[in-house]
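For reference, the structure is listed below as structure tokens.
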Amino acid sequence: MNETHSSPGDSEARFSAPAHTDSGPSPVTRFFRAIGLSPEAYRLPYRRSDWLVPLLIVLLLHLGSGIVLRDLFVQAQIEQVRAMLESNPRLSAEQKEEAIEQMTGGTAADRMGWGAVAGSVVMPVIGALLGAAVLLLILNFGAGGSVRYGPLWFLMTLSLAPTAIHSVLFTILSLSRGSVEVAFGPAALLPSDAGWIRTFLQTFDFFGFFWVFATQYVGVPVVTGLRPRKARTGLVILWIAYVLFALLGALASGCAMTMGGGGA
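So this is what it looks like as structure tokens:
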């Protein structure tokens, strides 16, 4: 029987050689896989660039859209303020014109425009931060898990990928129509003056609500390591809370508009 002998050096090399570590898909690949609802988009481990690059892509498109549509946002807000003040019977015609000028003229209009631009960038980040924090509480304290914040932040930021498509389509349609009254959901069925109901229905945007939820539904079991049913139940609870919060916000906005317009 033939024997093969290995030198001590060969044995040391065999046991001390670093194992191949799979770093997962590239950040851009993860971005497109998230859009395509692939669980591979959320494969662990993840690197900082895996959430930072997709987030930057989304925010840059939001920023570009906001800058391009800035004048249309200002126009829409001015029309909203004008409609609210002109429907107020307690104000005379001169008082209405003076109030409209104060609220929409000069630097006020600039603040409106740049406020809309800043909001398009800041709000997604705040939403991801809060969403990850609330989901952490739901899964760890409500579902008895031991999930860390980092993977949930990774989930929330990467799931924003579909909103990049929204930014592109929203910009194109708004420019073609000369108005930012563009909706990709049930709000499109109502006129722009439908009040709080339309404001609430704008929550159910195809890209920002349904598609983002679908990406999170696919990814939450992957990043948490929990049983799919438990992880997804926690996610559904988070989104129900979001819908209720949106409803309260729409009602508050409607009440403010009614009071500002002098209604009952």
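Each residue of the sequence shown is one higher than the one before, starting from 21 at the first, in my numbering.
All C-beta atoms in this analysis are idealised placements derived from N, C-alpha and C, irrespective of residue type, glycine included.
- Cβ contact annotation for Asp225 (same chain, cutoff 6 Å, sequence separation greater than five): Phe204 and Gly205, in chain order.
- Annotation: Ser179 to Leu150 spans about 14 Å, alpha carbon to alpha carbon.
- A direct Cα-Cα distance of roughly 53 Å separates Ala113 from Ile158.
- Classified as exposed, Ile146 has fewer than 16 neighbouring CB atoms from the shown chains inside 10 Å of its CB.
- In the displayed model, Thr223 falls within coil according to three-state DSSP, outside both helix and strand.
- By the neighbour-count criterion, in which 16 or more other beta carbons inside 10 Å mark a residue as buried, Val48 falls on the exposed side.
- Going by DSSP, Val202 is part of no alpha helix (DSSP H) at all; its letter is neither H nor E.
- Bounds of any alpha helix (DSSP H) do not take in Tyr62, whose DSSP letter is neither H nor E.
- Only residues of its own chain outside the window of five on either side were considered, and among them Ala61, Asp70, Pro74 and Leu178 have a CB closer than 7 Å to the CB of Arg50, listed in chain order.
- Your pair His186 and Val141 does not check out as a contact, with CB atoms roughly 14 Å apart and the cut at 8 Å.
- Using a 10 angstroms sphere on the CB of Gln97, the tally of other CB atoms reaches 16 or more, which defines it as buried.
- Linking Phe227 to Leu268 through their CA atoms gives a straight-line distance of about 22 Å.
- Following the DSSP letters along the chain, one finds Ile158 in no alpha helix (DSSP H), marked with neither H nor E.
- The three-state reading of DSSP puts Ser179 in coil, since its state is none of H, G, I, E or B.
- DSSP places Trp231 in no alpha helix (DSSP H); its state is neither H nor E.
- Three or more pairs of CB atoms, one per stretch, sit closer than 8 Å, so the segment 254-270 contacts the segment 233-244.
- Of all alpha-carbon atoms in Trp231, Thr223 and Ile217, the one lying nearest the alpha-carbon of Cys275 is that of Ile217.
- Phe174 is a Cβ neighbour of Tyr66, given a cutoff of 9 Å.
- Here Val200 is actually not in contact with Phe52; their C-beta atoms are around 27 Å apart, not less than 8 Å.
- If you compare the alpha carbons of Val137, Leu155 and Thr244 with that of Trp259, the shortest gap goes to Leu155.
- Judged by their CB atoms, Lys250 and Gly165 are nearer to each other than the 9 Å cut-off.
- In this structure, Gly133 is the residue among Ser273, Thr223, Gly133 and Phe229 with its C-alpha nearest to the C-alpha of Arg90.
- Rounded to the nearest whole angstrom, the CA to CA distance from Ala153 to Ala138 is 23 Å.
- Here Arg247 carries a coil assignment [DSSP, helix/strand/coil].
- Only residues of its own chain outside the window of five on either side were considered, and among them Met176 and Thr177 have a CB closer than 6 Å to the CB of Ala148, listed in chain order.
- At a Cβ-Cβ threshold of 9 Å, Leu210 and Leu193 do not count as neighbours.
- In the structure shown, the three-state DSSP call for Val263 is helix.
- Non-local C-beta neighbours of Leu271 in its own chain, meaning closer than 6 Å and more than five positions away in sequence, comprise Trp216, ordered along the chain.
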